[in-house]
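Here's the structure, in structure tokens; my notes come after.
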Amino acid sequence: MAPPLAFSPGTSGTMANMFACSFIFRKKTYDEEFHRLDASIDAYAQSLDGYIGVDRWFSEDGKAQNSVYYWRDMDAVSVFARFPDHLEAKEKYAQWYEGYQIVISEVTASYGDGNIPHVTAGFNLR
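In this text, residue positions in the sequence shown follow this note's numbering: the first is 76, and each later residue adds one.
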């Protein structure tokens, strides 16, 4: 496990932030095409230089999900957004989702005591 991030509020200096792209959705039924595209998109994201990781959260009933992809910069987000399989999945979303929301946020800090593993643990934001 990576060491906890050394950051405290009020730290001065230049910050090299990261970006979090949250894909929040309520699912319908997945088919073979969905699983093919999903696997391809996930593999492509992981292959990109600016990819940091993904964190997934599910509602208690399992119908809603939030997949948060973390990126080093917006250039990596832009490259990911133009991936042909990603564009195809966006066109066909109504087949698999009741609805969705995208939230893109700049992350300026991530820290904890190290007892909960997280994709951003150890990522130096300075």
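Glycine included, every Cβ here is placed at the ideal spot set by N, Cα and C.
> In or out: residue 185 buried (at least 16 other Cβ within 10 Å) or exposed?
Replying inline: By the neighbour-count definition (other C-beta atoms within 10 Å, threshold 16), residue 185 is a buried residue.
> Do you know whose CA, among 164, 170, 133, lies nearest residue 115's CA?
Replying inline: Measuring C-alpha to C-alpha distances from residue 115 to each of 164, 170, 133 identifies 164 as the nearest.
>> To the nearest angstrom, how far is the alpha carbon of residue 137 from that of residue 124?
In response: If you take the alpha carbons of residue 137 and residue 124, they lie about 31 Å apart.
> Cα separation between residue 147 and residue 94?
Replying inline: Their Cα atoms are separated by approximately 6 Å.
>> Can you tell me whether residue 120 is buried or exposed? The criterion is at least 16 other CB atoms within 10 Å of its CB, across all chains shown.
In response: Counting every other CB atom within 10 Å of its CB across the protein chains shown gives residue 120 a total of 16 or more, marking it as buried.
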